[in-house]
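Asker: Before I ask anything, here is the structure I am working with.
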Amino acid sequence: MATTRPRRLARQVSIVGAGLSQFGAYPDKSSRDLFVEAFHDMQDNIDQGISAQDIEAGYLGNYSADLFEHQGHTAPIMADWLGMTPTPITRVENACASSGSALREGVMAIASGMYDVVLVGGVEKMTSLPTEGVTDVLASAADGLYEVPAGLTFPGIFGAIAKAHMDRYETNLNHLLKVGIKNHENGKLNPKAQFQVTVRDMMDRRRIAWPLRLYDCAPITDGASCVLLVASDIASQFTDKPVHVAGMGQATGRPLHDAEELTSLSAAKIASAEAYAMAGIGPENVGVAEVHDCFTIAEIVASEDLGFFEPGEGPHAVDEGRTARTGDRPINTSGGLKAKGHPVGASGVAQVIEVFKQLRGEAGARQLTSPDLEFGLTHNVGGTGGTCVVNVLQRG
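For the sequence shown, the working numbering begins at 63 and goes up steadily by one.
Laid out in structure tokens, this is it:
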């Protein structure tokens with residue numbers, strides 16, 4: 063039986079730099095090109111600078127370069143292209159939560175005392191395959207014995223979740239549309255985002271998996287992300303604005319076909335409770351959140367699982383504008399996976415980067431203006447809810 067004792071970091075860990083590649087479709091770029099781009103962006107944004115040879119270890123989130131690019135053993139290839147050899151670097155695979163899980167490994171590597179400076183990132187090159195090929199690759203993150211043979215692609219899975227939420231609560235198509243519009247409005251303010259679309263585009267009624275329509279779905283994306291973690295006691299050597307890892311939680315949930323309910327992800331509830339306990343806060347203290355909106359319904363479900371709203375209240379919060387940048391519960395200021403893009407292996411760390419920028423006051427036109435912005439949260443889901451990683455970050 064899993065322990066219920068509160069978890070604590072034996073040594074505090076801080077984020078001192080972050081970088082993103084441009085998100086989108088790039089036929090002329092490989093995953094290694096994208097990751098180098100993100101790494102150089104990170105180097106440009108570290109106050110005191112960093113060289114590849116200063117890094118003591120690395121953790122790379124990547125879901126399936128094996129199938130997308132026919133390239134395995136991706137982590138040492140990235141290290142070579144960055145000039146990091148012979149530094150150890152390890153690939154972490156947990157479906158769409160791959161880089162969220164990689165971040166957890168990097169934090170624990172520093173908290174253990176083994177390393178002081180660790181690179182954590184994620185990358186995915188998805189557009190090498192046609193849409194039906196991408197759908198097949200992503201479906202391999204579902205249960206291949208029960209879910210995939212039943213025809214459950216990810217749009218089908220989240221379509222079922224949306225229909226269950228509609229049947230149980232007062233959720234409707236307009237709520238899903240409003241989530242998409244909000245996130246695309248935020249994405250228009252993010253220069254790294256994949257999509258810059260209009261409200262008219264969002265009205266596209268092409269059905270993908272009822273009740274989900276085209277713009278309820280995150281896009282197919284190429285992209286990379288990376289952050290530099292250091293022991294908090296040396297953070298001042300890199301920046302005067304560190305962001306601390308205040309809490310972490312990771313949990314494993316049952317596959318969708320074996321889940322107790324469809325309107326919630328049990329792993330998200332457990333992971334967030336663990337992260338809140340480690341940080342010593344509650345959901346009411348979170349000033350900004352990046353959640354895993356692979357589909358519009360996923361943002362609504364996440365907002366309830368994380369304790370921001372009671373079950374069934376998430377749609378009403380959208381109606382009331384509470385999750386907008388000007389609301390009291392701003393969610394996905396980056397544009398989220400929905401508008402920023404969803405290169406699956408890179409998304410978890412990309413979420414962390416948005417919160418990092420918000421807490422440092424560096425989010426540009428989408429910057430929140432609350433003077434009390436101290437804590438931010440990220441929520442990264444893998445598979446059909448089998449993995450969830452939640453991080454609480456704190457302004458230094």
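Glycine included, every Cβ here is placed at the ideal spot set by N, Cα and C. Values in this document were obtained by computation on a predicted structure and should not be read as measured data.
Compare the beta carbon distance of Val180 and Gly120 with 8 Å and say whether it is the shorter of the two.
Answerer: Translated into positions along the sequence shown, residue 180 becomes position 118. Translated into positions along the sequence shown, residue 120 becomes position 58. Yes, these two residues count as a Cβ contact at 8 Å.
Asker: Looking only at its chain, what residues have a beta carbon closer than 8 Å to the beta carbon of Met63, apart from the 5 residues adjacent to it on each side?
Answerer: If you number the sequence shown from 1, residue 63 lands on position 1. Because the pLDDT of Met63 is 41, which lies under 50, any placement of that residue in the model is unreliable, and the number read from its coordinates should be weighed accordingly. Around Met63: no qualifying Cβ.
Asker: Would you list the one or two residues that DSSP bridges to Val182?
Answerer: As a position in the sequence shown, residue 182 is number 120, starting the count at 1. Answer by DSSP bridge pairing, in chain order: Tyr121 and Val289.
Asker: In this structure, how does DSSP classify Ile172 when only helix, strand and coil are distinguished?
Answerer: The sequence position of residue 172 within the sequence shown is 110, counting from 1. Helix, per DSSP.
Asker: One question on the structure: do Asp205 and Pro317 come within less than 8 Å of each other, judged by their Cβ atoms?
Answerer: The count along the sequence shown starts at 1 and reaches residue 205 at position 143. The count along the sequence shown starts at 1 and reaches residue 317 at position 255. Yes, the pair counts as a contact, with Cβ atoms nearer than the cut-off.
Asker: Does any CB atom of chain B fall closer than 8 Å to the CB of Val199?
Answerer: Annotation note: the requested chain B is absent from the structure, which comprises a single protein chain.
Asker: According to DSSP, is Glu209 helix, strand or coil?
Answerer: In the sequence shown, the residue the question calls residue 209 occupies position 147. Three-state result, Glu209: coil.
Asker: Going by other Cβ atoms of all chains shown within 10 Å of its Cβ, with 16 needed for buried, is Gln413 buried or exposed?
Answerer: Counting from one through the sequence shown, the residue named residue 413 turns up at place 351. By the 10 Å Cβ count, Gln413 comes out buried.
Asker: Locate the beta strand (DSSP E) running through Ser76, then write down its first and last residues.
Answerer: Along the sequence shown, read from residue 1 onward, the residue named residue 76 stands at position 14. Unbroken beta strand (DSSP E) run through Ser76: Val75 to Leu82.
Asker: Distance check for Gly426 and Val363, CA to CA, integer angstroms please.
Answerer: The residue given as residue 363 occupies position 301 in the sequence shown. The residue given as residue 426 occupies position 364 in the sequence shown. Cα to Cα, Val363 sits roughly 28 Å from Gly426.
Asker: Hey, would you say Gly469 sits closer than 8 Å to Gly184, going by beta carbons?
Answerer: Given that the chain is displayed from residue 63 to residue 458, the structure contains no residue 469 and the question cannot be resolved.
Asker: With three or more beta-carbon pairs closer than 8 Å as the criterion, would you say the stretch 307–325 touches the stretch 226–239?
Answerer: Segments in contact, yes.
Asker: At 4 residues or longer, what runs of the alpha helix (DSSP H) sit wholly inside the stretch 312–354?
Answerer: Listed in chain order, they are 328–341.
Asker: Quick check on the burial criterion: 16 or more other C-beta atoms within 10 angstroms. Buried or exposed for Asp434?
Answerer: To locate residue 434, count along the sequence shown from 1; it is residue 372. Its Cβ having fewer than 16 others within 10 Å, Asp434 is exposed.
Asker: Quick check on the burial criterion: 16 or more other C-beta atoms within 10 angstroms. Buried or exposed for Thr65?
Answerer: By one-based count along the sequence shown, residue 65 stands at place 3. Residue confidence is low: Thr65 scores 49 on pLDDT, short of 50, so the model does not pin down where it sits. Its coordinate-derived value is still stated next. So Thr65 counts as exposed.
Asker: Using a Cβ-Cβ cut-off of 7 Å (strictly less than) and excluding sequence neighbours within five positions of Ala173, which residues of its own chain qualify?
Answerer: One-based indexing of the sequence shown puts residue 173 at position 111. Only Leu71, Ala72, Arg73 and Val75 meet the Cβ criterion.
Asker: For Leu291 and Val78, I'd like the C-alpha separation in whole angstroms.
Answerer: Mapped onto the sequence shown, residue 291 falls at position 229. Mapped onto the sequence shown, residue 78 falls at position 16. Approximately 6 Å between the Cα atoms of the pair.
Asker: Work out the CA separation of Phe216 and Leu207 for me, nearest whole Å.
Answerer: Position 145 of the sequence shown holds residue 207. Position 154 of the sequence shown holds residue 216. Using only the alpha carbons, I get a separation of about 15 Å.
Asker: State the Cα-Cα distance for the pair Val196 and Gly213, rounded to the nearest angstrom.
Answerer: Along the sequence shown, read from residue 1 onward, the residue named residue 196 stands at position 134. Along the sequence shown, read from residue 1 onward, the residue named residue 213 stands at position 151. The straight-line gap from Cα to Cα measures roughly 15 Å.
Asker: Drop a sphere of 10 angstroms on the beta-carbon of His246, count the other beta-carbons inside from all chains shown, and report buried for 16 or more, exposed for fewer.
Answerer: For the purposes of this step, residue 246 is identified with residue 184 of the sequence shown, where counting begins at 1. It counts as buried.
Asker: For Ala455, which beta-bridge partners are listed by DSSP?
Answerer: Reading the sequence shown from its first residue, position 393 is the one you call residue 455. It should be pointed out that residue 455 corresponds to Leu in this sequence rather than to Ala. Answer is Val307 and Gly438.
Asker: Rounded to whole angstroms, what's the CA-CA distance from Leu514 to Glu155? Just pull it up for me.
Answerer: For residue 514 there is no data in the structure shown, the boundaries of the chain being 63 and 458.
Asker: Should Ile296 go down as buried or exposed, given a rule of 16 or more other Cβ atoms within 10 Å for buried?
Answerer: Position 234 of the sequence shown, counted from the start, is the residue given in the question as residue 296. By the neighbour-count rule (16 or more Cβ atoms within 10 Å), Ile296 is not buried but exposed.
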